[in-house]
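**Q** Handing you a structure now.
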Amino acid sequence: MGLFDKFAFAKRHERTPEERAYVRKLDICLMTFGCISQIMKYLDQTNINNAYVSGMKEDLQLYGDELNYFTTFFLLGNLIMVVPSQIALTYIPPNWWLPGLEITWGVLTGLFAVTKNARDIYALRFFLGMCESSAWPGMMTMMIYWYTPSEIAKRMGIYQCSQAVGSMMSGALAISVVKTMDGKVECLMTVVVGCFGFLMVPGLPHKPNPWAFWFKESDAKLAMKRLHRHGKQEPVKITLKTIKRSLASPLFYAIVPLSMGANMANYGMYYFGVFLKSLKNADGTPRWNVTEVNGIPIGGSGVSIVALLIFTNLSDLFQSRWTIFMAQAIIGLFATIYMTVWTAHPDTTPIGGAYASYFMLYMTIGVTLIVTAWLSDLDINPRAHSLPHDPDSVTFIIGATVALNFAILSWAQALMWPASKAPYYVHGWGSSIGIWLFCMLMVAAVWYIDRRYLKAKRQAFRETLINTDVEESDKVGPASRQDEGEPELADKGPAIPQAAEAKQTV
1 MGLFDKFAFA
11 KRHERTPEER
21 AYVRKLDICL
31 MTFGCISQIM
41 KYLDQTNINN
51 AYVSGMKEDL
61 QLYGDELNYF
71 TTFFLLGNLI
81 MVVPSQIALT
91 YIPPNWWLPG
101 LEITWGVLTG
111 LFAVTKNARD
121 IYALRFFLGM
131 CESSAWPGMM
141 TMMIYWYTPS
151 EIAKRMGIYQ
161 CSQAVGSMMS
171 GALAISVVKT
181 MDGKVECLMT
191 VVVGCFGFLM
201 VPGLPHKPNP
211 WAFWFKESDA
221 KLAMKRLHRH
231 GKQEPVKITL
241 KTIKRSLASP
251 LFYAIVPLSM
261 GANMANYGMY
271 YFGVFLKSLK
281 NADGTPRWNV
291 TEVNGIPIGG
301 SGVSIVALLI
311 FTNLSDLFQS
321 RWTIFMAQAI
331 IGLFATIYMT
341 VWTAHPDTTP
351 IGGAYASYFM
361 LYMTIGVTLI
371 VTAWLSDLDI
381 NPRAHSLPHD
391 PDSVTFIIGA
401 TVALNFAILS
411 WAQALMWPAS
421 KAPYYVHGWG
431 SSIGIWLFCM
441 LMVAAVWYID
451 RRYLKAKRQA
461 FRETLINTDV
471 EESDKVGPAS
481 RQDEGEPELA
491 DKGPAIPQAA
501 EAKQTV
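Read in order, the letters of the sequence shown are residues 1 to 506 in the UniProt record's numbering.
The following block contains the structure:
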């Protein structure tokens, strides 16, 4: 085995021009819808923080922890709806479900313009959370359905970059127009994006969207071939058996806590603007004005974009999720340790290091994506007698992970990052250190489970496909294959890929 054989570029399937064109169409349509949708959602989400530091706190007399409660109500709505949304995604075509919730989100955003008090905002944030429940987990699931292991982390990274772009746009808008909760522009843009989604979301590989004019019949056949090439079956409906099977898997109890920890470990970076606003000079005047409070975090969003693209591309290139996670975890651990020291000794610890630590945390924003990409690589139910990859279990686990994340964050963020205690988050930074260490241990556990119990099974299954394909190729010559045309894909069980395609490995 050569030195570079383990790299994705050294063992990648040689894609035909047709397949390259197919992937480009997916990127242009599915990824464009997902990214623009995420930009709009994150723009709406971060506007609450920007409005808070730009005058809403004083206008609505929010002198307690109302900002934390805004997040709590949003997370509660998301928590209640995220698993039902993932289940609905397997019953209702995603080309209807995802754009429909997008349009509803846009309408609710417009209602913020008429809010008069904190109670109005609580209600709208709750329903926004319900609509948002389909966004991130739904797009992660769609990417797992449509992209191969050597393509997926990069696309997840690009999608996550949309959050940073939305955050940057939100800060820029707050700088240019210091205005409280005026969501009219975001409302219109979000509704338009949702309408385009009915045409841009391709549906499911085995049930394509009939309104997707760009998606041809040949694309549907190619989509199924790509699934089977990697030992995956077409998406199926989530049932009670799916839930029981998922809960019986050891990976459920490893991946879910790991993803939850990854989501919480760097959560302090979302309070960078509140941190800046709360800093005072020796005479009691604010250290940063409103423009600076909204502008400085834009640099952090830029850092997160660069880091996301680097780490997710490396994850696909090396086909190693755990090493990339560990690299980011070390960065995050160092930053949280420094912030713990600064919080305890602000007079003797350089404030410049605190600023740098926040920017370092922005570099770790991709840890949850790496875990999700890893989930798509792993066998979910090693005792199953079907294909190694279990699409309905993956869909359920993604939803369950997000739901549990929000269940914890709905109360933990108010305890860890109380706005009234800024900039001294004593409990937040100390807890983050423990969470980073916990994540490192869980990564080691998942790596061991995969290497000890699952990896050999995956490799054997793929070798079986390749050997079977070689035997079939020997029986059916090229001329006969051309005469017979492209074989139809079976509804059940793995289709055997062609010999030229069987060279692809994960």
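All C-beta atoms, glycine included, are put in the ideal place defined by N, C-alpha and C.
If we count the other Cβ atoms within 10 Å of its Cβ and call it buried at 16 or more, is Met140 buried or exposed?
**A** Translated into positions along the sequence shown, residue 140 becomes position 140. Its Cβ being crowded by 16 or more others within 10 Å, Met140 is buried.
**Q** Based on DSSP bridge pairs, tell me the residues matched to Lys280.
**A** Numbered from 1 along the sequence shown, position 280 holds the residue referred to as residue 280. Paired residues: Pro286.
**Q** Which class does Pro423 belong to by DSSP, given the choice of helix, strand or coil?
**A** One-based indexing of the sequence shown puts residue 423 at position 423. Correct three-state label for Pro423: coil.
**Q** I need the DSSP call for Pro208, collapsed to helix, strand or coil.
**A** Here residue 208 refers to the residue found at position 208 when the sequence shown is read from its first residue. Three-state result, Pro208: strand.
**Q** How would you call Leu441, buried or exposed, if buried means at least 16 neighbouring beta carbons within 10 angstroms?
**A** For the purposes of this step, residue 441 is taken as the residue at position 441 of the sequence shown. Leu441 comes out exposed.
**Q** Please classify Lys280 as buried or exposed, where buried requires at least 16 neighbouring CB atoms within 10 angstroms.
**A** Stepping through the sequence shown from its first residue, residue 280 is reached at position 280. Flag for Lys280 reads exposed.
**Q** For Glu484 and Trp214, what's the separation of their Cα atoms in angstroms?
**A** Locating residue 484 in the sequence shown gives position 484, counting from the first residue. Locating residue 214 in the sequence shown gives position 214, counting from the first residue. In this prediction, Glu484 scores a pLDDT of 38, lower than 50, which makes its location untrustworthy; the coordinate-derived value is nonetheless stated afterwards. Cα-Cα distance, rounded: 27 angstroms.
**Q** Quick test of your reading: Trp146 and Ala223, contact by CB under 8 angstroms. State the CB separation rounded to the nearest angstrom.
**A** Residue mapping note: residue 146 aligns to position 146 of the sequence shown, counting from 1. Residue mapping note: residue 223 aligns to position 223 of the sequence shown, counting from 1. That pair is a contact at about 7 angstroms.
**Q** Beta-carbon separation of Glu186 and Asp44 under 8 angstroms?
**A** The residue given as residue 186 occupies position 186 in the sequence shown. The residue given as residue 44 occupies position 44 in the sequence shown. The answer is yes: Cβ separation under 8 angstroms.
**Q** Do Val371 and Ser259 have their CB atoms nearer than 8 angstroms?
**A** Locating residue 371 in the sequence shown gives position 371, where the first residue counts as 1. Locating residue 259 in the sequence shown gives position 259, where the first residue counts as 1. Against a cut-off of 8 angstroms, the Cβ pair of Ser259 and Val371 comes out as a contact.
**Q** Report the three-state DSSP secondary structure of Gly430 (helix, strand or coil).
**A** Within the sequence shown, residue 430 is the residue found at index 430, counting from 1. Reduced to three states, the DSSP call for Gly430 is helix.
**Q** Where does Gly434 land, buried or exposed, given buried means 16+ other C-beta within 10 angstroms?
**A** Taking the sequence shown and counting its residues from 1, the one referred to as residue 434 is at position 434. The residue is exposed, with fewer than 16 neighbouring Cβ atoms inside 10 Å.
**Q** With a Cβ-Cβ cutoff of 8 angstroms, do Val236 and Ile36 count as a contact?
**A** Position 236 of the sequence shown, counting from 1, holds the residue named residue 236. Position 36 of the sequence shown, counting from 1, holds the residue named residue 36. Going by C-beta atoms, Val236 is not nearer than 8 angstroms to Ile36.
**Q** Please report the distance separating the alpha-carbon of Leu128 from that of Pro17.
**A** Residue numbering aside, residue 128 sits at position 128 when the sequence shown is read from its first letter. Residue numbering aside, residue 17 sits at position 17 when the sequence shown is read from its first letter. Near 42 angstroms, if we compare the C-alpha coordinates of Pro17 and Leu128.
**Q** Pick from Ala403, Glu19, Lys421, Trp322: whose alpha carbon is nearest that of Gln86?
**A** Taking the first residue of the sequence shown as 1, we reach residue 86 at position 86. Checking every option, the nearest Cα to that of Gln86 belongs to Ala403.
**Q** Which complete alpha helix (DSSP H) runs does the region 326-409 hold, if anything under 4 residues is left out?
**A** Runs found: 351-362, 367-377.
**Q** By a C-beta neighbour count over all protein chains shown, 10 Å radius and 16 as the cutoff for buried, is His345 buried or exposed?
**A** Position 345 of the sequence shown holds residue 345. His345 should be labelled exposed.
**Q** Can you list, in chain order, the residues of its chain whose CB lies under 6 angstroms from that of Thr401, leaving out five sequence neighbours each side?
**A** Position 401 of the sequence shown, counting from 1, holds the residue named residue 401. Taken in chain order, the residues that qualify are Val256, Ser259.
**Q** Have a look at Leu62 and Glu292 and give me their C-alpha separation to the nearest angstrom.
**A** Position 62 of the sequence shown, counting from 1, holds the residue named residue 62. Position 292 of the sequence shown, counting from 1, holds the residue named residue 292. Rounded to whole angstroms, Leu62 to Glu292 spans 21 angstroms at the Cα level.
**Q** Using DSSP with H/G/I as helix, E/B as strand and the rest coil, what is Gly302?
**A** Taking the sequence shown and counting its residues from 1, one reaches residue 302 at position 302. Reduced to three states, the DSSP call for Gly302 is helix.
**Q** With a cut-off of 8 angstroms, do at least 3 Cβ pairs link the region 348-364 to the region 302-310?
**A** Yes, since at least three Cβ pairs between the region 348-364 and the region 302-310 fall closer than 8 angstroms, the two stretches touch.
**Q** Please return the same chain residues whose Cβ sits closer than 6 angstroms to the Cβ of Leu67, not counting the five positions on each side in sequence.
**A** Position 67 of the sequence shown, counted from the start, is the residue given in the question as residue 67. Counting only Cβ-Cβ distances below 6 angstroms, and skipping sequence neighbours, we find Tyr52, Ala419.
**Q** Using CA coordinates, which residue listed in Tyr22, Phe406, Asp450 is at the minimum distance from Thr71?
**A** Taking the sequence shown and counting its residues from 1, the one referred to as residue 71 is at position 71. Ranking Tyr22, Phe406, Asp450 by Cα distance to Thr71 puts Phe406 first.
**Q** Specify, as a first and last residue, the run of the alpha helix (DSSP H) that His228 falls within.
**A** Numbered from its first residue, the sequence shown carries residue 228 at position 228. His228 -> alpha helix (DSSP H) spans 217-229.
**Q** So, using beta-carbon positions, are Ile144 and Ser376 closer together than 8 angstroms?
**A** For the purposes of this step, residue 144 is taken as residue 144 along the sequence shown, with counting starting at 1. For the purposes of this step, residue 376 is taken as residue 376 along the sequence shown, with counting starting at 1. Contact: yes.
**Q** Could you check if Tyr159 is buried or exposed, using at least 16 other CB atoms within 10 Å of its CB as the buried criterion?
**A** Here residue 159 is taken as the residue at index 159 of the sequence shown, counted from 1. It counts as buried.
**Q** Less than 8 angstroms separating the beta-carbons of Val107 and Val23?
**A** Stepping through the sequence shown from its first residue, residue 107 is reached at position 107. Stepping through the sequence shown from its first residue, residue 23 is reached at position 23. No, the Cβ-Cβ distance between Val107 and Val23 is not below 8 angstroms.
**Q** Taking C-alpha atoms, which residue in Ala422, Ser393, Leu415 lies nearest to Ser431?
**A** On the sequence shown, position 431 is the one that residue 431 refers to. It is Leu415.
**Q** Which residues in the same chain as Gly399 place their Cβ atom closer than 6 angstroms to its Cβ, once the five residues preceding and following it in sequence are excluded?
**A** Working through the sequence shown from its first residue, we reach residue 399 at position 399. Cβ within range, chain order: Val82, Val83, Gln86, Pro137.
**Q** Given a threshold of 16 other Cβ atoms within 10 Å of its Cβ, counted over all protein chains shown, does Pro494 qualify as buried or as exposed?
**A** Position 494 of the sequence shown holds residue 494. Note on Pro494: pLDDT 38, under 50, position unreliable in the model; no value is reported.
**Q** Do Ala327 and Ile152 come within 8 angstroms of each other at the CB atom, strictly closer than that value?
**A** As a working mapping, residue 152 is identified with position 152 in the sequence shown. As a working mapping, residue 327 is identified with position 327 in the sequence shown. The answer is no: Cβ separation not under 8 angstroms.
**Q** Could you compute how far the alpha carbon of Phe334 sits from the alpha carbon of Leu309?
**A** What you label residue 334 is simply residue 334 of the sequence shown in a count that begins at 1. What you label residue 309 is simply residue 309 of the sequence shown in a count that begins at 1. Between Phe334 and Leu309, the C-alpha separation is close to 21 angstroms.
**Q** Given a cut-off of 8 angstroms on the beta-carbon distance, is the pair Trp429 and Tyr271 in contact?
**A** Within the sequence shown, residue 429 is the residue found at index 429, counting from 1. Within the sequence shown, residue 271 is the residue found at index 271, counting from 1. No, the Cβ-Cβ distance between Trp429 and Tyr271 is not below 8 angstroms.
**Q** May I have the straight-line CA-CA distance separating Thr242 from Ser393, to the nearest angstrom?
**A** Sequence index remark: in the sequence shown, residue 242 carries index 242 (1-based). Sequence index remark: in the sequence shown, residue 393 carries index 393 (1-based). Roughly 6 angstroms between the two C-alpha positions.
**Q** Ends of the alpha helix (DSSP H) at Ile243?
**A** Counting from 1 along the sequence shown, the entry for residue 243 is found at position 243. It spans 240-247 - the alpha helix (DSSP H) in which Ile243 sits, taken as one unbroken run.
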